[in-house]
DNA sequence: ACTTTCAATTTGTACGTACAAATTATGTAT
DNA sequence: ATACATAATTTGTACGTACAAATTGAAAGT
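Protein chains in written order, with my numbering: chain L, -7 to 355; chain S, -7 to 355.
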């Protein structure tokens, strides 16, 4: 190795920054001090510092001193926003991206895109790639937001470096940041209320356990049940993960289980329409025998004539709101106004009205 | 101004490069020569050269000399591929992008995305944005590929600058470049052949006139008709544009017109399923009264139970093939192998077999 | 309490020397 | 003619000095 002296000094300063002994914006030793410390001439020290300035790690002001740069990037805006979502094949993501792209393009910003396929390893790779290619800010749809996330180190260093970070659809619980999302708790409450008000008392639910939206929609449904003096039991819920869904969760046993209920709350339309198809294949009629209510109000229509009653997902609006928020954040680093879209339910013909009695809210 | 000496020297060298007196790859004067020429010390000259090296204009080799860099851009790969498509909301684009993203991410490349909404002004904006943000190559789905394109200046300067440029789905006729696409001419031939072989002789067609795919599929259908000794008349074709389709092209007059035919060739599924819905609303049965064949084989299913017979669009495969081709082009600038996907037809139940006579191919 | 002035500190510019390391050109031996 | 050793050339590292320019903080003045 036997490096040159100035390389030794440069590496030493780098280490100090990495170790955290020198923080962003902090002043480093003066050239004279370093010269004395290492026993090298001031010129050699200057060469070391000069190389680090070129790397963008330091900046110095005549008469004042040399400082650690606040962030590697702030020098020039690249006018590119990094967007990381789980999928693009789904029914809502293309719309979200469309909404974003429109706003970003209007403001002469480009969009850099990566998908995580809801896998944290892909999320890591996506974040690292985008950090390398110098984006101005990050719009991220969390991956497995309800589970411990191994990429928190990256998110934290990202925040430390001053990158605007905005989450859509959900946010990580351990990371207090700005978000643009559907109010999932109220959404859960709304779909429970809807079937309850139409007389349903035996209510089954499908919720995702790896996304925080599943937790929140469950919590909302729970809120609603308690307000009505009801209680959701563990048996009334089917928790599933992304992988479970991909493998397929419907079988004979589940069919038998569902026969004890009159209504089903679905985490989203992807599940709801699969359920609908499954039920019709096994001659269980919707909504006569079983009512279904869901979330997303996607316009993909199954083979049946049933249109599922569901809460509307803002999609385009969510995308454009996220883009607008991000552009605010890029300009004002202090901007931290989250957007929560209030749920709105659109009626289809998937819920049967079985009004037992008028005003019969108590048991 | 009264600049520092090293700034004077640096500016002088810059001028020499700009004036063309020093060309890319050429060796500049030695430090000793410059020192003598300016009457400044070698250290001062070194400082000037050092600043230009940091700007990326020069590079020097110990023992050999200092040289003008070949080009500003090729020095560092940004590992970002620019992708410009018309839409993302459609049924095929999310899949194409998905296929691309997978391959690019696997090779640690990021994807920068913009949509043109099939408008040349948006295409221009997208190209300009991407040129600014330093991408390594362009994957472009042409906008209104059949009409004269006002952005040819940008495409030409892009090629001149040595950017790899790859077109998907279609290509501009005036621009000889690499492409990855479905063989649209054969596709047109295939759908014509399919209905012809099932006895249809009164064949109507819907083709887009602003995309070259429309022209090619029409040409293919024409090829087929001639081989069968038939002739497509002008009255047998409905030419439409992106705007026409958005406004809606189906009306009573068209319905009357279609009653003279037994089969319809559709440019793509977006049109075919709208046509299907329109026909059913007006009590015209498919395929009993009118057969439909189309292109894309999208899996979105209309309210009816009809599944339209159509040529499969490669989608994911096309996306990943495009990404792979682009990565080849980035590595080898000479790479110019286009990929043409051969059409494959998947049968639904939208075409009636009206075999008039066996082997009755003449007239 | 506020401003002004001035000195000390710190980085920036400029020149000089010396030798090391890599490349290139030259000359010599085979 | 080819291979090898050697010299010359050219950039890289390192130290030194000197002064300029900008900032900072303390002292002095109002």
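Even for Gly, the Cβ is constructed at its ideal location relative to N, Cα and C.
Exposure label - residue i; buried when at least 16 CB within 10 Å
i	result
residue 219 of chain S	exposed
residue 336 of chain S	exposed
residue 104 of chain L	buried
residue 345 of chain S	exposed
residue 66 of chain S	Reliability of the predicted coordinates at residue 66 of chain S is poor, the pLDDT of 46 falling under 50, and the value obtained from them is presented with this limitation in mind. When all chains shown are included, residue 66 of chain S counts as exposed.
residue 182 of chain L	buried
residue 280 of chain L	exposed
residue 12 of chain L	exposed
residue 353 of chain S	Confidence in residue 353 of chain S is poor, its pLDDT being 46 and thus under 50, which makes the residue's placement unreliable; the coordinate value appears in the next sentence. The residue in question, residue 353 of chain S, is exposed, as its Cβ has fewer than 16 Cβ neighbours within 10 Å.
residue 277 of chain L	exposed
residue 261 of chain L	buried
residue 225 of chain L	exposed
residue 148 of chain L	exposed
residue 380 of chain L	The shown model of chain L, from -7 to 355, leaves out residue 380 of chain L, and the question about it has no answer.
residue 143 of chain L	buried
residue 152 of chain S	exposed
Residue nearest to residue i in terms of C-alpha spacing, selected from the options
i	options	result
residue -1 of chain S	S/36, S/15 and S/8	S/36
residue 5 of chain L	L/56, L/61 and L/54	L/61
residue 72 of chain L	L/50, L/84 and L/96	L/96
residue 179 of chain L	L/289, L/122, L/87 and L/138	L/289
residue 198 of chain L	L/232, L/224 and L/211	L/232
residue 175 of chain L	L/52, L/21, L/310 and L/261	L/310
residue 328 of chain L	L/77, L/79, L/235 and L/168	L/168
residue 75 of chain S	S/161, S/251 and S/330	S/161
residue 100 of chain L	L/69, L/113 and L/264	L/69
residue 117 of chain L	S/128, S/15 and S/98	S/98
residue 234 of chain S	S/202, S/212 and S/224	S/202
residue 138 of chain S	S/188, S/206, S/85 and S/78	S/206
residue 272 of chain L	L/249, L/297 and L/258	L/297
residue 108 of chain L	L/308, L/236 and L/85	L/85
residue 145 of chain S	S/223, S/136 and S/120	S/120
residue 157 of chain L	L/209, L/314, L/-3 and L/340	L/314
residue 49 of chain S	S/26, S/9, S/80 and S/78	S/9
residue 87 of chain S	S/332, S/323, S/312 and S/322	S/312
residue 39 of chain L	L/78, L/-4 and L/54	L/-4
residue 324 of chain L	L/128, L/287 and L/303	L/128
residue 102 of chain S	L/123, L/25, L/286 and L/90	L/123
residue 229 of chain S	S/200, S/303 and S/291	S/200
residue 258 of chain L	L/227, L/196, L/204 and L/222	L/196
residue 240 of chain S	S/248, S/253 and S/263	S/263
residue 330 of chain S	S/155, S/170 and S/113	S/170
For residue i: DSSP bridge partner residues
i	result
residue 59 of chain L	L/19 and L/51
residue 303 of chain L	L/287 and L/337
residue 12 of chain S	BP columns for residue 12 of chain S are empty, so no partner.
residue 314 of chain S	In DSSP, residue 314 of chain S forms no bridge with anything.
residue 282 of chain S	Beta-bridge pairing links residue 282 of chain S to no other residue.
residue 257 of chain L	L/197 and L/285
residue 40 of chain L	None; residue 40 of chain L has no bridge partner.
residue 274 of chain S	Beta-bridge pairing links residue 274 of chain S to no other residue.
residue 174 of chain S	S/333
Closer than 9 angstroms at the beta carbon, the chain L residues around residue i
i	result
residue 93 of chain S	80, 105, 106 and 107
residue 86 of chain S	79, 80, 81, 82, 85, 86 and 89
Partners in chain L for residue i, counting only beta-carbon separations shorter than 7 angstroms
i	result
residue 89 of chain S	80
Under 7 angstroms from the C-beta of residue i: neighbouring residues of chain S
i	result
residue 122 of chain L	102
residue 143 of chain L	The contacting residues do not exist; residue 143 of chain L stays about 15 angstroms from chain S at best.
residue 156 of chain L	Within chain S, no residue comes near residue 156 of chain L; the closest Cβ sits about 17 angstroms away, beyond 7 angstroms.
Interface residues of chain S facing residue i [CB-CB closer than 8 angstroms]
i	result
residue 71 of chain L	121, 124 and 125
residue 97 of chain L	106, 107, 114, 117, 118 and 121
Neighbouring residues, chain L, relative to residue i (Cβ below 8 angstroms)
i	result
residue 46 of chain S	46
### Query
Mind pulling the alpha helix (DSSP H) runs of 4 or more residues that sit fully within the stretch 184 to 244 of chain L?
204 to 219 and 234 to 239
### Task
Scan the stretch 84 to 158 of chain S and note each continuous alpha helix (DSSP H) run of 4 residues or more that stays entirely inside, going in chain order.
85 to 98, 112 to 124 and 144 to 152
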